[in-house]
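The structure appears right after this line, and notes come after that.
Chains as they are written, first to last, in the numbering used here: chain C, 9 to 219; chain A, 154 to 163.
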């Protein structure tokens with residue numbers, strides 16, 4: 009466990025909590041893509057099946073349970089408690105365009121052709137693209153609330169810190185996981201455009217709006 | 154053989 013990994017995990021947790029706090033305090037999920045949140049719940053559910061088979065560490069177990077719980081609470085808020093505020097007209101990304109290629113790729117490129125491993129691989133590939141419905145929604149409406157941009161920033165920062173973690177682990181442990189690394193690079197690239205807007209607009213006190 | 158227990162990252 010290195011500092012990049014810990015900061016990455018905390019950044020991920022902070023992103024999830026920012027989103028929940030936004031919905032809780034404003035009693036609204038406007039501007040949030042329910043589809044992206046469903047994909048993230050699917051990512052956690054398929055990746056953390058190992059909770060039933062192995063014990064890695066208390067840290068690992070607690071974080072997985074928190075991520076899973078928060079993810080399902082988020083979905084309950086969007087599709088249950090706050091459904092009247094859900095902006096479904098702008099959440100129009102077609103999920104099959106992501107799910108079909110991701111399922112196909114996890115059958116083609118994996119470490120082992122066993123169910124748990126295929127589900128893990130599926131979760132890694134899906135996580136790389138799960139934010140696309142949210143980014144698509146922002147490009148549909150042309151703007152995002154500042155709090156939503158903080159959520160996206162920490163979610164992107166988490167993956168960028170994981171890249172540093174992998175570089176660190178390669179140099180110190182000779183450990184590398186090419187499926188996670190390649191997917192992580194792809195995932196981080198999706199955030200680059202957003203990072204640019206976040207730094208040049210949101211951090212200068214302006215609202216994120218697209219030209 | 155490799156299995157899911159090898160994945161220690163979140």
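Yeah, the Cβ is synthetic: ideal placement off N, Cα and C, and Gly gets one too. Everything numeric in this text was worked out from a predicted model, so none of it was measured.
Alpha carbon of residue i to alpha carbon of residue j, nearest angstrom
i, j, result
"residue 156 (chain A)", "residue 132 (chain C)", "For residue 156 (chain A), the predicted structure reports a pLDDT of 44, less than 50, and the residue's modelled location is therefore unreliable. The matter cannot be settled from this model."
"residue 181 (chain C)", "residue 71 (chain C)", "23 Å"
"residue 146 (chain C)", "residue 126 (chain C)", "32 Å"
"residue 94 (chain C)", "residue 35 (chain C)", "11 Å"
"residue 12 (chain C)", "residue 176 (chain C)", "8 Å"
"residue 85 (chain C)", "residue 24 (chain C)", "13 Å"
"residue 189 (chain C)", "residue 166 (chain C)", "13 Å"
"residue 20 (chain C)", "residue 170 (chain C)", "10 Å"
"residue 172 (chain C)", "residue 218 (chain C)", "30 Å"
"residue 178 (chain C)", "residue 91 (chain C)", "45 Å"
"residue 28 (chain C)", "residue 197 (chain C)", "25 Å"
"residue 211 (chain C)", "residue 113 (chain C)", "38 Å"
"residue 39 (chain C)", "residue 50 (chain C)", "21 Å"
"residue 82 (chain C)", "residue 74 (chain C)", "12 Å"
Residue i - partner residues in DSSP beta bridges
i, result
"residue 168 (chain C)", "The partner list for residue 168 (chain C) (beta bridge, DSSP) is empty, contrary to what the question assumes."
"residue 151 (chain C)", "C:217"
Residue i, buried or exposed, once every other Cβ within 10 Å from all chains shown has been counted against 16
i, result
"residue 184 (chain C)", "exposed"
"residue 208 (chain C)", "exposed"
"residue 61 (chain C)", "exposed"
"residue 135 (chain C)", "buried"
"residue 63 (chain C)", "exposed"
"residue 10 (chain C)", "exposed"
"residue 200 (chain C)", "exposed"
"residue 66 (chain C)", "exposed"
8 Å CB neighbourhood of residue i in its chain, flanking five on each side removed
i, result
"residue 203 (chain C)", "161, 164"
"residue 119 (chain C)", "125, 129, 187"
Close beta carbons around residue i, own chain, < 7 Å, minus the five adjacent residues each side
i, result
"residue 205 (chain C)", "216"
"residue 121 (chain C)", "none"
"residue 111 (chain C)", "130"
"residue 22 (chain C)", "162"
Sequence-distant residues of the same chain with beta carbon closer than 6 Å to residue i, five excluded per side
i, result
"residue 148 (chain C)", "98"
"residue 26 (chain C)", "158, 159"
"residue 41 (chain C)", "99, 141, 142, 145"
"residue 193 (chain C)", "none"
"residue 155 (chain C)", "30"
Cβ pair count under 8 Å reaching 3, the stretch 123–137 of chain C against the stretch 39–54 of chain C: Because the criterion of three Cβ pairs below 8 Å is met, the stretch 123–137 of chain C and the stretch 39–54 of chain C touch.
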